[in-house]
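Enquirer: Have a look at this one.
Numbering (the working numbering), first residue to last: 2 to 105.
Quick look at the structure:
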């Protein structure tokens, strides 16, 4: 992944993670997941597994956003050019590699 992509996504993630509205939304989502889990019947194991997987997927999204924000802070370019927003490279798939070995 190139530095321009990390700058663009990292800057966005940093703003997102710093927004009070995002934290409120995360809190509501977590409460809703807990409430949905508590309302399941003992025989509804598949439903509980589905709800837990959805909750874990969102937690993994937050971790990914945090990694991008950390990578953004680690790049020296963000101090000089933090307003530049590069479009992601369409041939660079971030799901097949880590941001940086040191952050993974």
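Beta carbons are placed, not taken as given, at the ideal position from N, Cα and C, and that holds for glycine.
Between the C-alpha atoms of residue 20 and residue 50, what's the straight-line distance to the nearest angstrom?
Expert: 30 Å
Enquirer: Please classify residue 14: is it buried, with 16 or more other beta-carbons within 10 angstroms of its beta-carbon, or exposed?
Expert: With at least 16 other beta carbons inside 10 angstroms of its own, residue 14 counts as buried.
Enquirer: Does residue 39 come out as helix, strand or coil in the three-state DSSP assignment?
Expert: helix
Enquirer: Using a Cβ distance threshold of 8 Å, determine whether the region 41-58 contacts the region 66-75, with at least three qualifying pairs required.
Expert: Counting Cβ pairs under 8 Å, fewer than three are found: no touch.
Enquirer: Within a Cβ cutoff of 8 Å, which residues of the same chain sit near residue 52, ignoring the five residues on either side of it in sequence?
Expert: Cβ neighbours of residue 52 beyond the five flanking positions: 34, 37, 38, 41.
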